[in-house]
Amino acid sequence: MNTVVLIHGLAGSPGTWDSVTPLIRHDADRIIAPSVGRELSIEAEADAVARRIGRGHEPAVLVGHSMGGLIATAVAERYPELVDRLILVNTPPSIESRLSARSGGERILALPVVGEIVWHLLPDSALAKGAQTSFAPGTDVPSRAVRDLRATGRRAFVRASANIDAYLFDGPLRNRLDGLTCPVDVVFGELDQRVDPASFAALRNDDHITATPIPDAGHMTPWESPSAVADAIRRVLIA
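Numbering follows full-length UniProt numbering, in which position 224 of the sequence shown is assigned residue number 224; successive positions increment by one, without gaps.
What follows is the structure, given as structure tokens:
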């Protein structure tokens with residue numbers, strides 16, 4: 001049985017995969033798209049995902065976007081018997097690679113009192129402007145991106161961002177991937193403005209990690225280039 005687990009990123013939702021799922025449905029027997037990023041640590045999120053996969057099933061293909069890729073990696077670290085392969089989509093390899101997390105806007109939101117006030121005063125148009133870095137330059141920000149951000153809420157957004165840094169501080173992604181035995185496919189948009197695109201290609205090695213750039217896509221590759229992401233998944237399922 002082909003099981004695919006689709007894990008969304010920070011300030012996202014299972015809807016991140018709405019354009020990808022129909023393209024892989026005929027090749028996957030079971031698709032799981034959990035909701036993550038509600039203040040739990042990366043490791044705790046991984047434990048929850050592992051419970052969703054369940055025992056007694058064939059190892060799954062885990063596909064994680066951005067923060068979701070870190071959760072997928074943690075599942076592979078903690079429950080290697082549940083993971084057949086990892087596909088990491090625009091997943092930050094290090095704290096330094098997270099360009100947007102160092103931005104002034106996100107630093108302000110992290111402030112305990114001021115950040116809360118600013119969050120409640122920001123109109124949706126301002127959130128959309130801030131979310132522009134999630135997409136390739138010149139791309140219109142879809143309204144669902146703003147809805148997902150609002151639904152996440154400031155506190156969960158800030159906490160999840162800190163949890164990403166904590167996980168990467170404990171061990172950069174490259175070190176973690178080198179310790180895995182399952183194959184890893186790194187897929188990334190060449191025009192990512194939230195994570196340094198050069199850091200993705202640097203993850204490639206001749207052992208078990210491939211890296212595939214997607215032209216004209218930014219950080220939200222599952223929305224911007226769903227067919228390219230689906231192709232990466234289908235190549236694994238039909239191999």
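Glycine included, C-beta positions come from ideal geometry on N, C-alpha and C.
Since the structure is predicted, the reported quantities are computational estimates derived from the model, not experimental observations.
Asked, Found
"Please look up how many angstroms separate the CB atoms of L70 and Q193, rounded, as I've assumed it's under 8 Å.", "That belief does not hold up - the Cβ atoms of L70 and Q193 are roughly 19 Å apart, past 8 Å."
"Using a 10 Å radius around the Cβ and a threshold of 16 neighbouring Cβ atoms, would you call G12 buried or exposed?", "buried"
"Any idea what DSSP makes of D192, helix, strand or coil?", "coil"
"Any idea what DSSP makes of A211, helix, strand or coil?", "strand"
"The alpha helix (DSSP H) that contains R234, what's its start and end?", "P226 to L237"
"In the structure shown, what three-state DSSP assignment does A72 receive?", "helix"
"Could you tell me how far apart the beta carbons of R154 and W119 are, in whole angstroms, since I believe they sit closer than 8 Å?", "4 Å"
"Quick one: Cα of N205 to Cα of P183, how far?", "11 Å"
"Three or more C-beta pairs under 8 Å: does that hold for the stretch 16–33 against the stretch 73–88?", "no"
"Buried or exposed: which applies to V61, given that a residue is buried once 16 or more other Cβ atoms fall within 10 Å of its Cβ?", "buried"
"Let's see if you can read the secondary structure: which residues bound the alpha helix (DSSP H) around V146?", "S143 to T152"
"In three-state terms, what does DSSP make of D124?", "helix"
"Ordered along the chain, which non-local residues of its own chain (more than five positions away) have a Cβ less than 6 Å from that of T133?", "S100, Q193 and R194"
"Among residues of its own chain, excluding the 5 on either side of H26, which ones have a beta-carbon nearer than 8 Å to its beta-carbon?", "none"
"Quick one: what does DSSP say V20 is sitting in, helix, strand or coil?", "coil"
"Could you name the residues that DSSP lists as bridge partners for D185?", "I87 and T210"
"How about V49 and V5: are their beta carbons less than 8 Å apart?", "yes"
"With a 10 Å radius around its C-beta and 16 neighbouring C-beta atoms as the bar for buried, classify M1 as buried or exposed.", "exposed"
"Just to check my reading of the structure: V146 and L121 have Cβ atoms closer than 8 Å, yes? What is that Cβ distance to the nearest angstrom?", "Contact flag wrong, Cβ pair sits at about 15 Å."
"Drop a sphere of 10 angstroms on the beta-carbon of P22, count the other beta-carbons inside from all chains shown, and report buried for 16 or more, exposed for fewer.", "exposed"
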